[in-house]
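Visitor: So the mapping is simple: the numbering used here equals the position in the sequence shown, first residue as 1, plus 679.
Glycine included, C-beta positions come from ideal geometry on N, C-alpha and C.
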Amino acid sequence: MKKRSTLAMAFKAEWLKIKGLGLLTIAIIFGLIIPALLFTIDMFSEDSRLYEGLPINAATKTITDTISQFGNFFMLLLVIIAATRITQIDHKNNGWTFLETQPVSKLSIYSAKFLVLTTLTLMMFAVYFLSSILFSNLLILIYPQEGLQTGVEMYWLFQTLVRLFVLSLCIISFQLMLSTIITGFIWPFAIGFVGFVINIVAAIREETYDFVPYNNVDTGLTFKDSFKLNHFFNYTEYLSLFWTVLFFTIGYFWYSRRGFKSAFLSTTKAKVFSVIGLAFFVGLYFFITKPIYPQKFKDHSVISGSIQSPKPVKNITVISTEFGDKIAEIPVTDGMFRWDSKDDLPFAEYSINYDGKSYPFLFSKGDDVHFDIKMNAKLSEVFMKGTRKAEDLYESRNRENSNFYNFIAATKMHADNPSLFYKEARKEWKNRMKELNKFRTAENIYFAEDFKEYQIQKNATKMLSAIYDYQKMTSFTDKKFAPEAQFLTELQSAIQKPSPLLYSRDIYKSWKLKELLPKEGNANSDSIVFAKLKAMPAGVSKDQLLSSHIISMTTLENNEGKRNLIFNENIAGIQNPKFKNYVAKKVEILNNQQKGKAFPIMVFEDADGKKVSLSKFKGKFVVIDFWATWCGPCKETSPVFAYQAKKNKNNDQIVFLAISIDEDKSKWKLDLKNTQSNVKQWWLSDPNALKQLGIEGIPRFMMLDPDGKIFNANMPRPNETNFVDILEKITGKSSNYMVQVF
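#1: Since Phe872 is in the alpha helix (DSSP H), which residue starts that stretch and which ends it?
#2: To the nearest angstrom, how far is the alpha carbon of Tyr1187 from that of Ser1172?
#3: I'd like to confirm the pairing. Which residues does DSSP put opposite His1049 in its beta bridges?
#4: So if DSSP puts Phe1335 in a beta bridge, which residue, or which two residues, is it bridged to?
#5: In three-state terms, what does DSSP make of Val1291?
#6: Quick one: Cα of Tyr1033 to Cα of Val924, how far?
#7: Does the distance from the CB of Asp707 to the CB of Val806 come in under 7 angstroms?
#8: From this set, Ala1277, Ser1204 and Pro1385, which residue's C-alpha is nearest His1297's C-alpha?
#9: DSSP state of Gln824, grouped into three classes?
#10: Between which two residues does the beta strand (DSSP E) harbouring Gln1165 extend?
#11: Going by beta-carbon coordinates alone, are Phe814 and Pro714 separated by less than 7 angstroms?
#12: Since I believe Gln854 is in contact with Ala942 (beta carbons under 8 angstroms), could you give me their beta-carbon distance rounded to a whole number of angstroms?
#13: Assuming Gln1098 is part of the alpha helix (DSSP H), what are its boundary residues?
#14: Would Val1334 and Lys1295 qualify as a contact pair, given that the criterion is a beta-carbon distance under 7 angstroms?
#15: Beta-carbon separation of Ile1253 and Lys1259 under 7 angstroms?
#16: Spell out the partners DSSP gives Arg1017 in its beta bridges.
#17: In or out: Leu755 buried (at least 16 other Cβ within 10 Å) or exposed?
#18: From Ser1220 to Pro1378, what does the alpha carbon distance come to, in whole angstroms?
#19: Going by C-alpha distance, which of Arg842, Ser790, Glu825 and Ile742 is nearest Phe808?
#20: Since Pro1366 is in the beta strand (DSSP E), which residue starts that stretch and which ends it?
#21: Tell me which residues share the same chain as Val1358 and place their Cβ nearer than 6 angstroms to its Cβ, disregarding the 5 neighbours each side in the sequence.
#22: Pull up the DSSP beta-bridge partners for Phe1042, would you.
#23: Return the Cβ separation of His1049 and Ser1144 in integer angstroms, given the expectation that the two are a contact with Cβ distance under 8 angstroms.
#24: Can you tell me whether DSSP reads Asn1082 as helix, strand or coil?
#25: From the DSSP output, in three-state form, read off Met688 for me.
#26: When DSSP builds the beta bridges, which residues end up paired with Ser999?
#27: Name the residue from Arg728, Leu717 and Pro734 whose alpha carbon lies nearest to the alpha carbon of Phe749.
#28: Which residues share a DSSP beta bridge with Arg1379?
#29: DSSP beta-bridge partners for Asn1391?
#30: With a threshold of 7 angstroms on Cβ separation, who are the neighbours of Leu857 within its own chain once the five nearest residues in sequence on each side are excluded?
#31: Should Ala1210 go down as buried or exposed, given a rule of 16 or more other Cβ atoms within 10 Å for buried?
#32: In the DSSP assignment, find the alpha helix (DSSP H) that holds Phe1283 and state where it starts and stops.
#33: Leaving out five residues on either side along the sequence, give the residues of the same chain with a beta carbon under 7 angstroms from the beta carbon of Ala738.
#34: Determine the direct distance from the alpha carbon of Trp933 to that of Phe952, and round the result to whole angstroms.
#35: Can you look up Met1092 in the DSSP assignment and give me helix, strand or coil?
#36: Give the DSSP bridge partners of Ile735, in chain order.
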C-alpha cells in the first residue's frame, strides 16, 4: 500500500508552489489599499478630517465605513484570482495526475489547496484590519478630532473579523470547486464577475438571494457594525458554513473521481448516496434559511437598553403615543435600564423619552425589546433589537414612493378612463401585498402577524380612501366609475376587524369620516356627520372618530367662540375619559394659539444669565425660533433664520429671537460661543411650558405682534417663501428693500 503523507506536508508543498505566483503580494496590496488610500486623502484634505458624529473609536469608524467595499470587492477578487491561479498550475501538463503519483492522498491535495486559499485570505484580512487600526489612530494623533478616539475595541474587532472570515469560506470553497472542474482561467473568473453583478442587482431591487453564495457575503456585510446583530452570528454566517461544506464535498468528489458522472452516478450505491446527500443538504438549506419569528414571553413584557451620554441620564420614560400617557419611568443605573411588566399592554405605538428626545416604537404584551442609545450634546442615535426589530426597520424606511398615490391619485388622472384608474389601483394593491409577504430583514427576521395584519389594513384603508376620492371627483352613482365588486370586497374584508393600532391612525379615521359624508353633497354635511357619529353604538370606534371630527372642525374654525360651541355640543358623545381629555386639551391649545391671544407667561434667561421678559420688545413684532442644540433640523434652519435677521438688522419694527429649550443650560451656553448673528439668544428654563401652545416638535417658528399677543402661532420655516411674505406683509417693505439694506 502506498504511504500517505500528512495534510501538513501537503500544505507545505502547495504553499511552496505559489511562491512564484505573486499571490501573497496581491493579498497584502488588496488588504492595504483601502486604509492607505483613506489615510492619504485625510492627510491632504481638510474636509475629510471633519467629524461631527457621536463619539467612536477612529479604528472602529474606519472599518465600519469600509468593510462592505473590502469584503464585497477586494476579498472576492483575491479569492477568484488565487483559486484560478493555484489550480491552473496543476491543470497544465496534466499536473493533477503527477501529484497523485506522489505519496499524497487526493483528500490531502484538495484540502491543502483549500487551506492555502484560506491562509492567503486571512493574511489579507490581517493587513486590512491592522493597517486600518494603525492609519486611523495615527491620523488622530496628527489631527485630533473631537468625537474620534484612539484605541481599539477588541471584542468588536474580534467579532467582526470572525464574521468576515466565516463569510469568506463559502467563496473560497465555491471558487476552488469551479477552478478544479474548469481547466481554463476565463470561465471561473467570469462566473466570479457574475457574482459582483448579482450583488448590484440585489441592492437595486432590495432583495436577498440566499441561493447565491456571493450575495450571502453581501447580505452578511449589511451589518457593518456587528453589535447591531441580535446574536454573535447572523444566519448568513451559518449559511456560509453550509455552502463551504457543500462545495468542498462536490469539488473533492468531482476531482477524485474525475468527473460528475463517475463521482455521483457511476454505481447504484453512488446514486443512493448522492440522493441521500442531496436530500440532507436541501433540508439543511431550508432549515438555515427558514423565517425567524422572534419568540415572545407568555406572561410579561420587557423593555431594556443601554445609554451612552456625557451627562448621566437618570430616567427613561415610556409614553403612549396616542394620548401621551406615561406608561413607565425606568431608572438608569450605570448606563443600563430595564423594565419588566406583567401589564396587558395593547399593540400600539409607544415612545421612549430620554433627555428631551424621543424614539417611537411598536410594542405589545409579550415583547422583549432592547435599545442601544448613544448621544452627545448635539446628536442622538437609537438602535433597536429584540422582537420588534423587523417592524422598526420596516417603519423607518420611506415606503411612500408610489406612482399610484403620488402621481395618479394626487394629480386626479384618468377621470375619463376608470378602467385604467382601477387597473393601476389593483396593481398598486398587489405590489403592496407582495412586498409584505416577502419582506424580511438582513437577519432573516420576519415581523409578527399583528403587524402584518395592521399593514394590510392600513394599505386597504389607503386604497379605499383613494377610490372614494376618485368617485367623488367623477360619480358615485354611475356604475362605470365604480370598482370591480371582487376588488372592493377584498379591500373591505381586510378591515372587517380593525387593529387597535389602525383605529388610532389618521388615515383610517379620515376614511371612515369620508364614508359618513352624504354622497350627493349637502350644505350641512358636517352636522350630518356629527349626527351619524352620535348615533353609533358606544365604543372605541365611536370615541376615536368623534374625537377626530371635533378636532378637525375646531381646527378649521378661526373664531374661538364658534370653536368652543362645536366642542360643547359634541363632547358628551365621547364616553372614554382619555378621549375627552385629549380633545379638550387640543381645543385649549387651539384657543391659546388664536391670533390676538396673549402669549403665556414664561421664564427666560439671556446669555448673561439675567431673567428677561418678552415685554421688553413691546411695540415690535417678534419672530421666535424655538430650537435646541441636539436638534438636527434646527441646525439646518438656524443659519437661514440668522440670514433673515441680518437682512432686517436696520428694521426697527421687528426682532428675531432664538429661544433654546435645552434641558442643560450649559450646552446652550457652550453653543453660543460659536454663534455670532443678529439673532437674540434666550433660554427657556421650563420647556414643558410650551405644551400649552401645542409645541411638541422643533424647530418651531412663531410671531408675536407689538402688543405681545400671538400674530402667527405656526409660521413657515425661514427657508420657505411664505416666511418672507409674512415679513413683507407686516413691515410693508419688500424683499428688494431688505436685500439693499443687507
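Guide: Based on what the coordinates show:
#1: Ile865 to Arg884
#2: 15 angstroms
#3: Ser983 and Lys1064.
#4: According to DSSP, which records beta bridges pairwise, Phe1335 is partnered with Val1302.
#5: strand
#6: Here the alpha carbon of Tyr1033 sits roughly 48 angstroms from the alpha carbon of Val924.
#7: In the sequence on display, residue 707 carries Ile and not Asp. Result yes, Cβ atoms of Ile707 and Val806 sit closer than 7 angstroms.
#8: Note that residue 1297 corresponds to Lys in the displayed sequence, not to His. Looking at the Cα atoms, Pro1385 is the closest of the given residues.
#9: coil
#10: It is not in any beta strand (DSSP E) - Gln1165 instead sits in the alpha helix (DSSP H) that spans Ala1164 to Ala1173.
#11: Yes, these two residues count as a Cβ contact at 7 angstroms.
#12: Between Gln854 and Ala942 the Cβ distance is about 19 angstroms, and since that is not below 8 angstroms, they are no contact.
#13: In the sequence under discussion, the amino acid at residue 1098 is Ser, which differs from the Gln named in the question. Unbroken alpha helix (DSSP H) run through Ser1098: Pro1097 to Lys1117.
#14: no
#15: yes
#16: Ser983
#17: By the 10 Å Cβ count, Leu755 comes out buried.
#18: 34 angstroms
#19: Ile742
#20: Element bounds for Pro1366: n/a, residue is neither H nor E.
#21: Ala1321, Ala1324, Phe1335 and Ala1337
#22: Ala1027
#23: About 36 angstroms separates the two Cβ atoms, so there is no contact after all.
#24: helix
#25: helix
#26: In the DSSP assignment, the residues bridged to Ser999 are Tyr1029.
#27: Residue Leu717 is the option with its Cα nearest to Phe749.
#28: Phe1305
#29: Met1382
#30: Pro867 and Ile870
#31: exposed
#32: Segment Phe1283 to Asp1285 is the beta strand (DSSP E) holding Phe1283; no alpha helix (DSSP H) there.
#33: Ser811, Ile812, Ser815, Asn816 and Val831
#34: So the alpha carbons of these two residues sit roughly 14 angstroms apart.
#35: coil
#36: Leu827
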